[in-house]
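**Q** Protein chains in written order, with the numbering used here: chain S, 469 to 898; chain Y, 469 to 898. Just so you know, even glycine gets a beta-carbon here, dropped at the ideal spot from N, CA and C. So that we are looking at the same thing, I have put the structure below in structure tokens.
There are 2 protein chains.
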Amino acid sequence: MTRAISVGLAGLGTVGGGVIEMLHKNADLVAARAGRNIVVTAVSARNRRRDRGFSIDGLQWFDDAVAMAADPSIDVVVEVMGGSDGPARALVEAALTAGKPVVTANKALVAVHGADLAALSEKTGTTLAFEAAVAGGIPVIKSLREGLAGNRISHVAGILNGTCNYILTVMREQGRDFPEVLADAQKLGYAEADPAFDVDGIDAAHKLAILAALSFGRPVAFEAVYIEGIRKISALDIGFARELGYRIKLLGIARQTDAGVAARVHPCMVPESSPIARVDGVFNAVVAEGDFVGRVMLEGRGAGAGPTASAVVADLIDIARDRVTPVWGAGSGSLSNAPSVSMDGHVCAYYLRLMVVDRPGVIADVTAALRDFGVSMGSLLQRGRAPGGAVPVVIVTHETQESAMLSAIQKIAQLSTVLEPPALIRIEPA
Amino acid sequence: MTRAISVGLAGLGTVGGGVIEMLHKNADLVAARAGRNIVVTAVSARNRRRDRGFSIDGLQWFDDAVAMAADPSIDVVVEVMGGSDGPARALVEAALTAGKPVVTANKALVAVHGADLAALSEKTGTTLAFEAAVAGGIPVIKSLREGLAGNRISHVAGILNGTCNYILTVMREQGRDFPEVLADAQKLGYAEADPAFDVDGIDAAHKLAILAALSFGRPVAFEAVYIEGIRKISALDIGFARELGYRIKLLGIARQTDAGVAARVHPCMVPESSPIARVDGVFNAVVAEGDFVGRVMLEGRGAGAGPTASAVVADLIDIARDRVTPVWGAGSGSLSNAPSVSMDGHVCAYYLRLMVVDRPGVIADVTAALRDFGVSMGSLLQRGRAPGGAVPVVIVTHETQESAMLSAIQKIAQLSTVLEPPALIRIEPA
Numbered sequence: 469m470t471r472a473i474s475v476g477l478a479g480l481g482t483v484g485g486g487v488i489e490m491l492h493k494n495a496d497l498v499a500a501r502a503g504r505n506i507v508v509t510a511v512s513a514r515n516r517r518r519d520r521g522f523s524i525d526g527l528q529w530f531d532d533a534v535a536m537a538a539d540p541s542i543d544v545v546v547e548v549m550g551g552s553d554g555p556a557r558a559l560v561e562a563a564l565t566a567g568k569p570v571v572t573a574n575k576a577l578v579a580v581h582g583a584d585l586a587a588l589s590e591k592t593g594t595t596l597a598f599e600a601a602v603a604g605g606i607p608v609i610k611s612l613r614e615g616l617a618g619n620r621i622s623h624v625a626g627i628l629n630g631t632c633n634y635i636l637t638v639m640r641e642q643g644r645d646f647p648e649v650l651a652d653a654q655k656l657g658y659a660e661a662d663p664a665f666d667v668d669g670i671d672a673a674h675k676l677a678i679l680a681a682l683s684f685g686r687p688v689a690f691e692a693v694y695i696e697g698i699r700k701i702s703a704l705d706i707g708f709a710r711e712l713g714y715r716i717k718l719l720g721i722a723r724q725t726d727a728g729v730a731a732r733v734h735p736c737m738v739p740e741s742s743p744i745a746r747v748d749g750v751f752n753a754v755v756a757e758g759d760f761v762g763r764v765m766l767e768g769r770g771a772g773a774g775p776t777a778s779a780v781v782a783d784l785i786d787i788a789r790d791r792v793t794p795v796w797g798a799g800s801g802s803l804s805n806a807p808s809v810s811m812d813g814h815v816c817a818y819y820l821r822l823m824v825v826d827r828p829g830v831i832a833d834v835t836a837a838l839r840d841f842g843v844s845m846g847s848l849l850q851r852g853r854a855p856g857g858a859v860p861v862v863i864v865t866h867e868t869q870e871s872a873m874l875s876a877i878q879k880i881a882q883l884s885t886v887l888e889p890p891a892l893i894r895i896e897p898a
Numbered sequence: 469m470t471r472a473i474s475v476g477l478a479g480l481g482t483v484g485g486g487v488i489e490m491l492h493k494n495a496d497l498v499a500a501r502a503g504r505n506i507v508v509t510a511v512s513a514r515n516r517r518r519d520r521g522f523s524i525d526g527l528q529w530f531d532d533a534v535a536m537a538a539d540p541s542i543d544v545v546v547e548v549m550g551g552s553d554g555p556a557r558a559l560v561e562a563a564l565t566a567g568k569p570v571v572t573a574n575k576a577l578v579a580v581h582g583a584d585l586a587a588l589s590e591k592t593g594t595t596l597a598f599e600a601a602v603a604g605g606i607p608v609i610k611s612l613r614e615g616l617a618g619n620r621i622s623h624v625a626g627i628l629n630g631t632c633n634y635i636l637t638v639m640r641e642q643g644r645d646f647p648e649v650l651a652d653a654q655k656l657g658y659a660e661a662d663p664a665f666d667v668d669g670i671d672a673a674h675k676l677a678i679l680a681a682l683s684f685g686r687p688v689a690f691e692a693v694y695i696e697g698i699r700k701i702s703a704l705d706i707g708f709a710r711e712l713g714y715r716i717k718l719l720g721i722a723r724q725t726d727a728g729v730a731a732r733v734h735p736c737m738v739p740e741s742s743p744i745a746r747v748d749g750v751f752n753a754v755v756a757e758g759d760f761v762g763r764v765m766l767e768g769r770g771a772g773a774g775p776t777a778s779a780v781v782a783d784l785i786d787i788a789r790d791r792v793t794p795v796w797g798a799g800s801g802s803l804s805n806a807p808s809v810s811m812d813g814h815v816c817a818y819y820l821r822l823m824v825v826d827r828p829g830v831i832a833d834v835t836a837a838l839r840d841f842g843v844s845m846g847s848l849l850q851r852g853r854a855p856g857g858a859v860p861v862v863i864v865t866h867e868t869q870e871s872a873m874l875s876a877i878q879k880i881a882q883l884s885t886v887l888e889p890p891a892l893i894r895i896e897p898a
């Protein structure tokens, strides 16, 4: 057997602990699969003395992760610190520049600086691996970039954030509203103290940007992703969705169109019968559609120490076996330069829910506004009666262009009989 | 770009045509992903003149596939002829011996002779790739062998035969019986003229044997797989399954136990709410459970020209990129020698359906037989009344050992009041 690979591990949170545990507990199996031992020999984190619930005895300590990468005893760097800039970025750049392969779980870094990092990886001929950055332990990067490599992918979509999926699942099952369920999720450790990255859709957008780059063979373009989170989703709308045969999911969806790549993250109503509608709780799922393979769906745990470590260790085994793949699946000379297209041109059916004064003429005003912008209604539902008071009205449109819909909504929101900002949710076919 | 890879393609049926079409239609994309062009330059099949619906003009023809493999102009051999012996085996052995990488879609060959072929592949340092052999275009081999490589897999299961899943789906949806639905499936091209390989579970067992070998890191052991097909499944039992909250699926299931590896293919009742219960029609799905990653499920089209070509081309791209993985995930020195365990020791709950004479005392005889072999009943259901005539009786047992259950059944079948051979279906927890 070739000599062992020495891993320098930067970041000793949950994921770092998982990597140490997996390489220790499954050392024999990893060695068999890798053809050599893979051993963490050095670590770096912010605070050396913190109690982490696992031992770092016998491992070389570095206060400075960049210095660790430069140490000649280190063969491969694993970066699980997180953050799109700062120490994580400095470390990854330093390692790639020094010709040391990097394995990262850092979706923000890869989404925001991935184009530059891929160029650096290509220039120095050094592997940048990031299976753990998307959908935890589900081998979605490998599946898209290698397993479906011969396909023209038209469309990739997924439930990419377990926190949001958990919150939406509990809201549906218990009929409770967002703030309350978020607070519970925070207590249970399913949501961060500062939940913005998750519930505002940014984390899902990082992952979608990466999936889109892999699927369509072009450099990552995070800034072009349309992003809307789940804060505005109410128990009321989840109830109406159920009545209409839908579930509400936060999806990331990227599509190759004639005009370019459209990538968006937002709450969607998906038919209850579609496979992705039934992926509940903290699970993630990714669906890709290829011209030869048809539709493939992958499902599993998208976060947590174990699943993330599983992906990191798979990347380390690939490195040990010299299995190399360009960051975006092809060398820079062969990447697509398809432009990104904006959300304005998006076309779908919309769910629109208003709170209106219950009196004659209100519906006429609302439907006139829709008509004025060419929005065609599929159905209208008014529930309950409260003469002079507030009642919900639900409208489902036929396929409509986003820009027209937004103009109509703006006009409707200004009607004095419309009491709250309208709730608008895009309907996504199965 | 490095020079093109010349592929010699043996077998010009549906799959062979798919491979030619994909390498032609997506040539630019394949070249970008592979880092070089991949071109079919020679073909071999039984009949040169047959009208195939695609052109083989300009390709070198070989009557003898082994001679094609020996031709110095050929870099890689693709074998899509099928059959566990005969020309397919001779070709693959000849190519590996000559140091030419082989891509095969042939599950029978890999399941039956895979241990020897892996040894040959290791000896000559030549790749034997077979992504297309299991679950069509779903990258399940890559996911298990590379994506989940650091996990100890406890259990792998799947819907591995689209023909059976299609037949069972139609039987359930239309309440029709097996022979009729099979005949329709044959007319539609979803079942072969000789359907035995599919409906008797042999094809699924080939695939399961391969999955088990990959999951548990040991040489393939097809002969140890317990096999039962779907011919005995009736519309009556599908109806009762529905009443009990189950669906009937033909599953392949392999489990690592303390005693060794248990691998079995048979119809199962699975809870309606389990993800695998909802995989319908010609779709395949594979679920694997790893100690770190948890449960991962992959779903997609398990057969057909497009999906199979997708897997073959992915293997070719791996070969072009020099991404090499030992056949069973690790070198022969690191493989497990866990024994195979027989079905006798299997423990599960059973669904037992009898046709009995509707008269007093019959149930007492049946339940006495169960008691005599220590089989504990969970529930008993008698439907309809036909004094002196035949009525169905359904029994669901508590967890029982297979050998005890079979002994009890044998005794029950001999009762003069039991009119037909008992129907026995194993219940599989979600």
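Out of S:R894, S:N633, S:M845 and S:A673, state which residue places its alpha-carbon closest to the alpha-carbon of V738 of chain S.
**A** From the listed residues S:R894, S:N633, S:M845 and S:A673, the smallest Cα separation to V738 of chain S is found for S:R894.
**Q** Looking only at its chain, what residues have a beta carbon closer than 7 Å to the beta carbon of A788 of chain S, apart from the 5 residues adjacent to it on each side?
**A** I473, A502, G503, R504 and I506
**Q** Mind checking whether L612 of chain S and A756 of chain S have CB atoms under 9 Å apart?
**A** yes
**Q** I'd like to know whether the C-beta of L803 of chain Y is nearer than 9 Å to at least one C-beta of chain S.
**A** True, the Cβ-Cβ gap to chain S drops below 9 Å.
**Q** For M823 of chain S, which residues does DSSP report across the bridge?
**A** S:P860
**Q** Between the beta-carbon of L650 of chain Y and the beta-carbon of I635 of chain Y, is there less than 9 Å?
**A** yes
**Q** Which ranges does the alpha helix (DSSP H) cover as unbroken runs of at least 4 residues, wholly within the region 739-789 of chain S, from first to last along the chain?
**A** 773-788
**Q** Measure the alpha-carbon distance for A771 of chain S versus R763 of chain Y and round it to whole angstroms.
**A** One C-alpha to the other measures close to 12 Å.
**Q** Roughly how many whole angstroms lie between the Cα atoms of P897 of chain Y and G554 of chain Y?
**A** Distance between the alpha carbons of P897 of chain Y and G554 of chain Y is about 40 Å.
**Q** Note down the Cα distance separating P743 of chain Y from T592 of chain Y, rounded to an integer number of angstroms.
**A** 42 Å
**Q** Determine the direct distance from the alpha carbon of G615 of chain S to that of D668 of chain Y, and round the result to whole angstroms.
**A** 30 Å
**Q** Would you mind telling me which residues of chain Y sit closer than 9 Å to M490 of chain S, beta carbon to beta carbon, in chain order?
**A** G618, N619, D759 and F760
**Q** Check whether chain Y comes within 9 Å of V781 of chain S, counting only Cβ atoms and requiring the distance to be less than that.
**A** At least one chain Y Cβ lies under 9 Å of V781 of chain S.
**Q** Leaving out five residues on either side along the sequence, give the residues of the same chain with a beta carbon under 6 Å from the beta carbon of G476 of chain S.
**A** Contacts found: A510, M536, I542 and V545.
**Q** Check M845 of chain S in the structure and name its three-state DSSP category.
**A** strand
**Q** Based on Cα-Cα distance, which residue from S:R620, S:T865 and S:R827 lies nearest to A499 of chain Y?
**A** S:R620
**Q** Applying a beta-carbon distance threshold of less than 7 Å, which residues of chain Y neighbour S778 of chain S?
**A** L616, G618, N619, G758, F760 and V761
**Q** For S523 of chain Y, count the other beta carbons within 10 Å of its own beta carbon; 16 or more makes it buried, fewer makes it exposed. Which is it?
**A** exposed
**Q** Output, in chain order, the set of chain Y residues within a Cβ distance shorter than 7 Å of G774 of chain S.
**A** F760, V761 and G762
**Q** By DSSP, does L477 of chain S sit in helix, in strand, or in coil?
**A** strand
**Q** Find out if the Cβ-Cβ distance for the pair N574 of chain Y, G550 of chain Y is shorter than 9 Å.
**A** Their beta carbons are under 9 Å apart, which means N574 of chain Y touches G550 of chain Y by this criterion.
**Q** When we look at the beta-carbon of L784 of chain S and count the other beta-carbons within 10 Å, is it buried (16 or more) or exposed?
**A** buried
**Q** Taking S611 of chain Y as the query, report the chain S residues whose CB atoms sit under 9 Å from its CB, ordered along the chain.
**A** I606, P607, K610, S611, G615 and L766
**Q** So the candidates are S:E691, S:S844 and S:F530; which of them puts its Cα closest to the Cα of H866 of chain S?
**A** Nearest of S:E691, S:S844 and S:F530 to H866 of chain S, Cα basis: S:S844.
**Q** Ordered along the chain, which non-local residues of its own chain (more than five positions away) have a Cβ less than 6 Å from that of L849 of chain S?
**A** V862
**Q** Could you give the uninterrupted runs of the alpha helix (DSSP H) lying entirely in the region 483-540 of chain Y, keeping only those of 4 residues or more?
**A** 495-502 and 533-538
**Q** Is the beta carbon of A782 of chain S less than 9 Å from the beta carbon of G618 of chain Y?
**A** yes
**Q** Which residues in chain C have a C-beta closer than 8 Å to the C-beta of T793 of chain S? List them in chain order.
**A** Here chain C cannot be found, since the structure's protein chains are S and Y.
**Q** At 7 Å on the CB atoms, spell out the chain Y contacts of D786 of chain S, in chain order.
**A** Among the residues of chain Y, those whose CB is under 7 Å from the CB of D786 of chain S are E614, following chain order.
**Q** Please determine, among Y:H492, Y:V795 and Y:V809, the residue with the shortest C-alpha to C-alpha distance to L803 of chain Y.
**A** Y:V795
**Q** Using CA atoms only, rank isn't needed, just tell me which of S:A836, S:A798 and S:V886 is closest to D826 of chain S.
**A** S:V886
**Q** Is the beta carbon of L585 of chain S sitting closer than 9 Å to the one on V602 of chain S?
**A** no
**Q** Assuming G713 of chain S and E740 of chain S make a contact with CB atoms under 8 Å, what is their CB distance in whole Å?
**A** 5 Å
**Q** L459 of chain S: buried (16+ other C-beta within 10 angstroms of its C-beta) or exposed?
**A** Any question about residue 459 of chain S goes unanswered here, given that chain S covers just 469 to 898.
**Q** Who are T865 of chain Y's beta bridge partners in DSSP?
**A** Y:M845
**Q** Using a Cβ-Cβ cut-off of less than 9 Å, give me the residues of the region 619-635 of chain S that come near chain Y, in sequence order.
**A** N619 and R620
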